[in-house]
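Residue numbers (the numbering used here): 13 to 237.
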Amino acid sequence: DSTLELVSLTKRYGSTVAVDAISHNFQAGVYACLLGPSGCGKSSTLRMIAGHEDVSDGSIVLSGRDVSHLPPAKRGTAMMFQNYALFPHLSVRDNVAFSLRMSGVDKPERYKRADEMLDLVEMTSLADRRPDQLSGGQQQRVALARALITRPQVLLLDEPLSALDPFLRIRMRAELKRLQRELGISFIHVTHGQDEALALADEIIVMNDAKIEQAGPARDVFNKP
Ligand code: ADP
Ligand code: ADP
Numbered sequence: 013d014s015t016l017e018l019v020s021l022t023k024r025y026g027s028t029v030a031v032d033a034i035s036h037n038f039q040a041g042v043y044a045c046l047l048g049p050s051g052c053g054k055s056s057t058l059r060m061i062a063g064h065e066d067v068s069d070g071s072i073v074l075s076g077r078d079v080s081h082l083p084p085a086k087r088g089t090a091m092m093f094q095n096y097a098l099f100p101h102l103s104v105r106d107n108v109a110f111s112l113r114m115s116g117v118d119k120p121e122r123y124k125r126a127d128e129m130l131d132l133v134e135m136t137s138l139a140d141r142r143p144d145q146l147s148g149g150q151q152q153r154v155a156l157a158r159a160l161i162t163r164p165q166v167l168l169l170d171e172p173l174s175a176l177d178p179f180l181r182i183r184m185r186a187e188l189k190r191l192q193r194e195l196g197i198s199f200i201h202v203t204h205g206q207d208e209a210l211a212l213a214d215e216i217i218v219m220n221d222a223k224i225e226q227a228g229p230a231r232d233v234f235n236k237p
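Below is the structure:
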């Protein structure tokens, strides 16, 4: 059971309170969307869960373990960034395998797992290309493979579809949903698009002004008057 609990989680930047004592339980294997206007604290929340931002107050508990102060690689989470952040001089395959370099996994196992991940995101045929020889959608698949190869319990996605054209965005929605179902892990996906959240989410958490305004199944959240 890998429930993720946020307990009075708070982020301050100087005198700005970006995240104001939010509490929420994410069930294991849920597709959750964190929805809200620009500046409401979505990214700060995600970055604290990932460990890319210090927690000011409160805690993050994953499978009963307080991970609030662990380094990102030790939490059981992985993050996929908006700009994909691939290494330009490495092939697709090496980009994916690289994630495991610091984890003590030996080289044959790293490449075995990289190939499994490339198969999962349907990029096997392009494994030897460099990132600049890929389309935006293909780069995104590589970034997904790179995040998933560490076998996280929770994948964090910050506006993962915003750089794609509208056609590709719809296609990648289905792809994200398929991956989440196939892997059975939790996805927490930050977006400011209501239609995106409605199309993807089992659960929607609406943030406004650094707080959680409402949370629940998509149909309940959008049916409120
Ligand atoms: P969202 O992802 O919903 O757009 P953010 O978490 O990025 O919201 O930002 C929440 C608030 O925190 C905003 O007021 C933003 O200006 C502020 N903020 C975010 N990052 C920083 C930072 N590194 N330093 C100072 N203020 C920040
Ligand atoms: P080292 O730790 O010895 O420096 P790296 O993990 O950096 O090795 O890999 C060096 C290069 O060797 C990589 O860029 C990759 O192209 C290639 N390589 C390593 N292992 C494999 C493998 N199992 N299959 C294909 N290429 C590999």
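Here a beta-carbon is modelled for each residue, glycine too, at the ideal position from N, C-alpha and C.
Does residue i pass the burial test, meaning 16 or more other C-beta atoms within 10 Å, or should it be called exposed?
{"i": "residue 114", "result": "exposed"}
{"i": "residue 27", "result": "exposed"}
{"i": "residue 145", "result": "exposed"}
{"i": "residue 43", "result": "buried"}
{"i": "residue 38", "result": "buried"}
{"i": "residue 163", "result": "exposed"}
{"i": "residue 147", "result": "exposed"}
Starting from residue i and walking both ways along the beta strand (DSSP E), at which residues does that stretch end?
{"i": "residue 33", "result": "28-38"}
{"i": "residue 230", "result": "Per DSSP, residue 230 belongs to no beta strand (DSSP E); it is in the alpha helix (DSSP H), 230-235."}
{"i": "residue 140", "result": "No beta strand (DSSP E) contains residue 140, which DSSP labels as neither H nor E."}
{"i": "residue 22", "result": "16-25"}
{"i": "residue 92", "result": "89-92"}
{"i": "residue 169", "result": "166-170"}
If I follow the unbroken alpha helix (DSSP H) through residue i, where does it start and stop?
{"i": "residue 124", "result": "119-132"}
{"i": "residue 158", "result": "148-160"}
{"i": "residue 106", "result": "104-110"}
For residue i, which residues of its own chain have a beta-carbon under 7 angstroms away from its beta-carbon, when the five flanking residues on both sides are left out?
{"i": "residue 98", "result": "107, 143, 151, 154 and 155"}
{"i": "residue 41", "result": "196, 197 and 198"}
{"i": "residue 233", "result": "216, 218 and 226"}
{"i": "residue 84", "result": "62, 63 and 64"}
CB of residue i to nearest heavy atom of ligand 4: below 8 angstroms?
{"i": "residue 129", "result": "Only ligand 1 and ligand 2 can be found as ligands here, which leaves ligand 4 out of the picture."}
Can you give me the Cβ contacts of residue i inside the same chain, cut-off strictly under 6 angstroms, excluding the 5 residues immediately before and after it?
{"i": "residue 78", "result": "71"}
{"i": "residue 91", "result": "62 and 168"}
Grab me the residues of residue i's own chain with a C-beta within less than 8 angstroms of its C-beta, minus the 5 sequence neighbours each way, in chain order.
{"i": "residue 184", "result": "149, 152, 172, 173 and 176"}
Next item on the list: Jot down the residue ranges of each uninterrupted alpha helix (DSSP H) in the region 40-78, minimum 4 residues, whole runs only, in chain order.
Entry: Taken in chain order, the unbroken stretches of alpha helix (DSSP H) that lie wholly in the region 40-78 and span 4 residues or more are 54-62.
Next item on the list: With a floor of 4 residues, list each alpha helix (DSSP H) that falls wholly inside the region 173-223, ordered by position along the chain.
Entry: 178-195 and 206-212
Item checked: Residues proximal to ligand 1 by C-beta, any heavy atom closer than 5 angstroms -> 25, 30, 50, 51, 52, 53, 54, 55 and 56
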